[in-house]
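Step one of this worksheet: look at the structure below.
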Amino acid sequence: MSYFMVDIESDGPIPGDFSMICFGAVLVNEELDTTFYGKLKPVSEKFNPDALAVSGFSREETMSFDDPGKVMTEFEEWIKENSKGRPIFISDNNGFDWMFICWYFHHFTGKNPFGYSSRRLSDLYCGLEKDTFAQWKHLRKTEHTHHPVDDAKGNAEVLLYMKKEMGLKIALK
Numbered sequence: 008m009s010y011f012m013v014d015i016e017s018d019g020p021i022p023g024d025f026s027m028i029c030f031g032a033v034l035v036n037e038e039l040d041t042t043f044y045g046k047l048k049p050v051s052e053k054f055n056p057d058a059l060a061v062s063g064f065s066r067e068e069t070m071s072f073d074d075p076g077k078v079m080t081e082f083e084e085w086i087k088e089n090s091k092g093r094p095i096f097i098s099d100n101n102g103f104d105w106m107f108i109c110w111y112f113h114h115f116t117g118k119n120p121f122g123y124s125s126r127r128l129s130d131l132y133c134g135l136e137k138d139t140f141a142q143w144k145h146l147r148k149t150e151h152t153h154h155p156v157d158d159a160k161g162n163a164e165v166l167l168y169m170k171k172e173m174g175l176k177i178a179l180k
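In this text, residue positions in the sequence shown follow our numbering: the first is 8, and each later residue adds one.
Next up, the structure:
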């Protein structure tokens, strides 16, 4: 199995009605040097200016981004090329990130290479600490910038910390 830490930025709360603007993924291994970054043209006329502002892009900029079908096909190929065994999706907030990635995969490619499940980094940490309110974001080494590759890398650093320092049993390939 290969773990892929994923982070997305969007212009609203749900896929379809709103758009995933960009996303990043990092293959979780010791180097954290295998990454993917996609910028996607909006799929809807609707957008929330406050949500879009988090990404750092203007609506005008997003209109020149890549075709979502092309980006999702490239992402699927990247996952295949970099996965040993079944790819596992993991993110900081998988309830949010997963719904966009899953919707975009099914909508544009007809399938999701991650299957039908995902993992949430925070839940793993809270379980190891035996505290549902445990805080972990201070363990990131890479600054949280809202650039999805930076954010995915910082979250992957936390997963590696949990493996090395906290005894998380996870096979990274």
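A virtual CB, placed ideally from N, CA and C, is assigned to each residue, including glycine.
Over what stretch of residues does the alpha helix (DSSP H) that includes Pro-155 continue unbroken?
-> Pro-155 -> alpha helix (DSSP H) spans 155-173.
Under 9 Å, do Ser-62 and Cys-109 count as touching if we go by C-beta distance?
-> It is not a contact, given that the beta carbons lie outside the stated cut-off.
At a Cβ threshold of 9 Å, is Met-106 touching chain B?
-> Going by chain labels, chain B is absent from the structure shown, which holds only one protein chain.
Proximity of Met-79 and Gly-31 at Cβ, strictly below 9 Å | The Cβ atoms of Met-79 and Gly-31 do not sit closer than 9 Å to each other.
Tell me whether Leu-47 sits in a helix, a strand or coil according to DSSP, three-state version.
-> Strand, per DSSP.
Distance, Phe-82 Cα to Pro-49 Cα | Going by the C-alpha atoms only, they are around 17 Å apart.
Every unbroken beta strand (DSSP E) within the region 24-81, with a cutoff of 3 residues, ordered by chain = Note on the region 24-81: whole beta strand (DSSP E) runs with a minimum of 3 residues are 27-34 and 42-46, in chain order.
From Lys-87 to Thr-42, what distance separates their C-alpha atoms?
-> Approximately 13 Å between the Cα atoms of the pair.
Pick from Lys-176, Pro-20 and Leu-179: whose alpha carbon is nearest that of Asn-100?
-> Among Lys-176, Pro-20 and Leu-179, the Cα nearest to that of Asn-100 is on Pro-20.
Straight-line CA distance for Ile-15 to Lys-171?
-> Approximately 26 Å, taken between the alpha carbons.
Leaving out five residues before and five after Arg-66 in sequence, what residues of the same chain have Cβ atoms less than 7 Å from its Cβ?
-> These residues qualify, in order along the chain: Phe-54 and Leu-59.
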